[in-house]
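Chains A and B are the protein sequences, given in the same order. Positions 57 to 359 (my numbering) are the ones given, in order, by the first sequence. Positions 177 to 575 (my numbering) are the ones given, in order, by the second sequence. Encoded as structure tokens, the structure appears first; notes follow it.
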Amino acid sequence: MSGEVQAGAVLGGLAEEQQLDGGPRRAGGRRGARPRRIGLGDWLLPAYAVIALVFLLIPIVYTFVFSFNDSIKSNISWRGFTFDKWLNVCNVEGGAVCEAFGNSIVIGLVSTLIATTLGTMIAIAIVRYRFRARSAISLLLFLPMATPEVVLGAGLAAQFLAVGVPKDMLTIILAHTMFCISFVVVTVKARVASLDPALEEAGRDLYGSPSQVFWRVTFPLLTPGILAAALLSFALSFDDFIITNFNSGSVSTFPKYVYISASRGIPAEANVIASAVFLFAIVLVIAAQVSRAARAKRLAKLG
Amino acid sequence: MAVREFAERGADLQLVGIQKRFPGFTAIESLDLTIPAGSFFALLGPSGCGKTTTLRLVAGLEEPTEGRILIGGADVTATKAHQRPVNTVFQSYALFPHMTVIENVAFGLRRRRIGDATSRAHEALKLVELDHLAQRRPQQLSGGQQQRVALARAIVNRPALLLLDEPLGALDLKLRRQMQLELKGIQEEVGLTFLHVTHDQEEAMTMADTVAVMNRGAIEQMGAPAELYDLPRTAFVANFLGQSNLLTGEVVGTTPTSIAIDAGGHRVVVPVDRAQVHRGRITVGVRPEKVSLHREAPAEASDRNVLGPGRVIDVSFSGVSTQYLVEVAGIGTLLVFAQNIGIGPVAALGDEVWIGWSVEHGFGLADLAPDEGRFAADDSTSSLAVQAREELVAELGES
Numbered sequence: 057m058s059g060e061v062q063a064g065a066v067l068g069g070l071a072e073e074q075q076l077d078g079g080p081r082r083a084g085g086r087r088g089a090r091p092r093r094i095g096l097g098d099w100l101l102p103a104y105a106v107i108a109l110v111f112l113l114i115p116i117v118y119t120f121v122f123s124f125n126d127s128i129k130s131n132i133s134w135r136g137f138t139f140d141k142w143l144n145v146c147n148v149e150g151g152a153v154c155e156a157f158g159n160s161i162v163i164g165l166v167s168t169l170i171a172t173t174l175g176t177m178i179a180i181a182i183v184r185y186r187f188r189a190r191s192a193i194s195l196l197l198f199l200p201m202a203t204p205e206v207v208l209g210a211g212l213a214a215q216f217l218a219v220g221v222p223k224d225m226l227t228i229i230l231a232h233t234m235f236c237i238s239f240v241v242v243t244v245k246a247r248v249a250s251l252d253p254a255l256e257e258a259g260r261d262l263y264g265s266p267s268q269v270f271w272r273v274t275f276p277l278l279t280p281g282i283l284a285a286a287l288l289s290f291a292l293s294f295d296d297f298i299i300t301n302f303n304s305g306s307v308s309t310f311p312k313y314v315y316i317s318a319s320r321g322i323p324a325e326a327n328v329i330a331s332a333v334f335l336f337a338i339v340l341v342i343a344a345q346v347s348r349a350a351r352a353k354r355l356a357k358l359g
Numbered sequence: 177m178a179v180r181e182f183a184e185r186g187a188d189l190q191l192v193g194i195q196k197r198f199p200g201f202t203a204i205e206s207l208d209l210t211i212p213a214g215s216f217f218a219l220l221g222p223s224g225c226g227k228t229t230t231l232r233l234v235a236g237l238e239e240p241t242e243g244r245i246l247i248g249g250a251d252v253t254a255t256k257a258h259q260r261p262v263n264t265v266f267q268s269y270a271l272f273p274h275m276t277v278i279e280n281v282a283f284g285l286r287r288r289r290i291g292d293a294t295s296r297a298h299e300a301l302k303l304v305e306l307d308h309l310a311q312r313r314p315q316q317l318s319g320g321q322q323q324r325v326a327l328a329r330a331i332v333n334r335p336a337l338l339l340l341d342e343p344l345g346a347l348d349l350k351l352r353r354q355m356q357l358e359l360k361g362i363q364e365e366v367g368l369t370f371l372h373v374t375h376d377q378e379e380a381m382t383m384a385d386t387v388a389v390m391n392r393g394a395i396e397q398m399g400a401p402a403e404l405y406d407l408p409r410t411a412f413v414a415n416f417l418g419q420s421n422l423l424t425g426e427v428v429g430t431t432p433t434s435i436a437i438d439a440g441g442h443r444v445v446v447p448v449d450r451a452q453v454h455r456g457r458i459t460v461g462v463r464p465e466k467v468s469l470h471r472e473a474p475a476e477a478s479d480r481n482v483l484g485p486g487r488v489i490d491v492s493f494s495g496v497s498t499q500y501l502v503e504v505a506g507i508g509t510l511l512v513f514a515q516n517i518g519i520g521p522v523a524a525l526g527d528e529v530w531i532g533w534s535v536e537h538g539f540g541l542a543d544l545a546p547d548e549g550r551f552a553a554d555d556s557t558s559s560l561a562v563q564a565r566e567e568l569v570a571e572l573g574e575s
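Laid out in structure tokens, this is it:
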């Protein structure tokens, strides 16, 4: 269960990295060479840091290790090492784990796409244009973030019921799009606000039509923010259980599957998928870091 | 529809009855201006005087509330920025940070689908001597280099009219001098019409063929730099373009060639043809470097004005010259610039001196010098807005 939560956090972290890309690096302070006294801080801080990290990593390590457990039904006690679960992920319970995982991916991608597109448009409108109720709208956009998920989920479910919409993938996508938009707007808004309007004016001045200016100047400059927003909303959507549970009907998503099977024993295949997602996210982060370091090096060589 | 052809040479610019109002204040009251083709024209004024707004109106980045804009005789008032044969060098340069230098320079050509964009862009970069940095990103260049890229990005399009929005403001003094010369050189080389907006009077005077001094949304005076400096028409021009000693008084005598005023008990004479107003209460002035200091009362002469005795209240040495502030009873303080030709100072702090200048150096203004200090800070954008707002509130209160 904690696997995808961690993956979400990692993806979120990557998003922040992306957003801060290009910002100035803070120079590390250097310790003076004065005689040192062994103080409380010298061991307390490292000890605290180590404990915190261990605490954070235990569930992940547990999930990872138990994905290799040769379990039969419940995956609680260690019964021996095997690769079977990794090799036959989709063969258990008629592929229910994989189906749920696939649903989560589809829902995540579609709602991310819609939320990012709409959210980016809203963010640009709020920063760049003056219109009636502008500040009210930007305040209202914060509401889904501040409202408890249970309230949002139950409220939406009641609305769908009242209108008579059958609950399926579509309702989940609608629900996810709704709460992801807020996060996209907040993330992209910061980027738009830091964008010098003179750049777009220069684009217009240099014979760029409005659409050319958007696609060749505005959009490329907003890309880091938009990418960060997209990663964040995918992580949020992939990770969401509460709102999904209220609005999914019979459709299963990965968090829902894990939650439901927890009562009768989570199969090791769930651990496999959680671990795989975690590893994928780690690879993504490392790749981003390495490519950025390489780029910085190349620029330094040029400069 | 983009402008597909290069301009053969610079075009003239005409502004007819331009007015621009923003919510809360009027940036430009009423502006009529003609800039001949191929000239280097400077709009000079303090911040908030409407000069940048004028530039943005010409570029198409703002729409005038009233009036028409004609470039090369064609009315472009209703066209958008990307349809005008005009390019701007922005104050912040506004180079695209996600593109290399060469991509930046070729941007305008690509949008107009002009063939051979890359080689033309390289040529423009050669003109500003930056071709070796074509593959860099703008962030990797110094301020001066960025400024030159911005210039190359604008002139590569051969616009009929090039607008410069205080492009040298962010550079240090030495670099600015160098860039001023380069800009002037490029303008002569490519023969475009340059409209340069600046608050730096020295920059305007060294670079431009014609300078228009703008204040509070209107042009106060326009002409060649030497002409403007020699014969300012208003108190604002007299003090914004260089410094002036201004004296106000009633006209007490008129001859066919000169008029005399009584300034605090002193008789000051100016030539008739250098005075804008010939009767009533007028303000006359003289440039501080035209004034000389005397240790003893000089002999009366019909072609010289003499004031004194006064007391030196401040001496500041600035290398080439020394500035003296002299307090004369009944008039106030006067500024004197003395060239450091001899050895040692002409006068010391507290000395009793007389000051004099040749009558032909004086000038008479069309308006009166403001009573308050020389540097009344009432011309910034924000205070203008506040002022306009107060007027509006007062107007509303009356009705």
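The beta carbon of each residue, even a glycine, is placed where N, CA and C say it ideally should be.
- When Cβ-Cβ separations below 8 Å define contact, A:ASP295 makes no contact with chain B.
- For B:PRO447, the enclosing beta strand (DSSP E) begins and ends at 442 to 447.
- Between A:PHE310 and A:GLY209, the CB-CB gap reaches or exceeds 8 Å.
- Going by DSSP, A:LYS141 is part of the alpha helix (DSSP H) stretching over 140 to 143.
- Non-local beta-carbon contacts of A:THR274 in its own chain, meaning distances under 7 Å to residues more than five positions away in sequence, involve GLU256 in chain order.
- A direct Cα-to-Cα measurement between A:GLY151 and A:VAL221 gives close to 28 Å.
- Cβ-Cβ separation between B:ARG409 and B:ALA542: approximately 5 Å, consistent with a contact (criterion under 8 Å).
- Counting along the chain, no alpha helix (DSSP H) covers B:GLY193; the unbroken beta strand (DSSP E) around it starts and ends at 189 to 198.
- Judged by DSSP secondary structure, B:GLY429 falls within the beta strand (DSSP E) whose first and last residues are 421 to 430.
- Going by C-alpha positions, B:TRP530 is about 8 Å away from B:ARG487.
- Contact annotation: in the stretch 294 to 323 of chain B, residues whose CB is within less than 9 Å of a CB in chain A are GLN311, ARG312, ARG313, GLN315, GLN316.
- Listed along the chain, the chain B residues whose CB falls inside 8 Å of the CB of A:GLN215 amount to none; the nearest CB is some 41 Å away.
- Residue-level contact by beta carbon fails for B:PHE416 and chain A, as no gap is shorter than 8 Å.
- Any Cβ of chain B closer than 8 Å to the Cβ of A:GLY281 would place that residue at the interface, and such an atom is absent.
- Shortest Cα-Cα distance from A:ILE322 to any of A:LEU109, A:PHE122, A:LEU288, A:LEU96 involves A:PHE122.
- Setting aside the 5 residues that flank it on each side, A:GLY164 is surrounded in the same chain by PHE290, SER293, PHE294, each with a C-beta closer than 6 Å to its C-beta; the list follows chain order.
- Between the C-alpha atoms of A:LEU278 and A:VAL248 there is a straight-line separation of about 7 Å.
- Only exposed fits B:HIS308, as fewer than 16 other CB atoms lie within 10 angstroms of its CB.
- Of the candidates B:THR433, B:GLY291, B:GLY440, B:PRO546, B:THR433 places its Cα closest to the Cα of B:ALA451.
- In the three-state scheme derived from DSSP, where H, G and I count as helix and E and B as strand, B:GLU476 is classed as coil.
- Residue pairing from DSSP places B:SER497 in a beta bridge opposite B:GLN515.
- Counting along the chain, B:GLY284 sits inside no beta strand (DSSP E); it lies in the alpha helix (DSSP H) bounded by residues 277 to 287.
- With at least 16 other beta carbons inside 10 angstroms of its own, B:TRP533 counts as buried.
- Secondary-structure assignment with DSSP links B:GLU365 through no beta bridge to anything.
- Residue nearest to A:PHE198 within the set A:ALA324, A:PHE216, A:GLY211, A:ALA179 is A:ALA179 (criterion: CA-CA distance).
- The continuous stretches of beta strand (DSSP E) do not include A:ASN301, which lies in the alpha helix (DSSP H) extending over residues 298 to 303.
- Rounded to the nearest whole angstrom, the C-alpha separation of A:ASP140 and A:SER127 is 10 Å.
- In the three-state DSSP reduction, A:ASP224 falls in the coil class, being neither helix nor strand.
- For B:GLY284, a Cβ of chain A is located within less than 8 Å of the residue's own Cβ.
- With a cutoff of 8 Å on beta-carbon distance, A:THR227 and A:PHE216 are scored as near each other.
- Looking from the CA of B:PHE201, the closest CA among B:GLU279, B:GLY226, B:LEU423 belongs to B:GLY226.
- Judged by beta-carbon spacing, A:ALA326 lies within the 8 Å limit of A:SER317, meaning their Cβ atoms are closer than that value.
- Three or more Cβ pairs closer than 8 Å define a contact, and the stretch 264 to 274 of chain A falls short of that threshold against the stretch 333 to 340 of chain B.
- When Cβ pairs closer than 8 Å are counted between the two stretches, the stretch 343 to 362 of chain B is seen to touch the stretch 316 to 333 of chain B, the count reaching three or more.
- Under the DSSP assignment, B:ASP406 falls in the alpha helix (DSSP H) whose first and last residues are 401 to 406.
- Distance between A:VAL241 and B:ILE278, taken at the CA atoms: about 34 Å.
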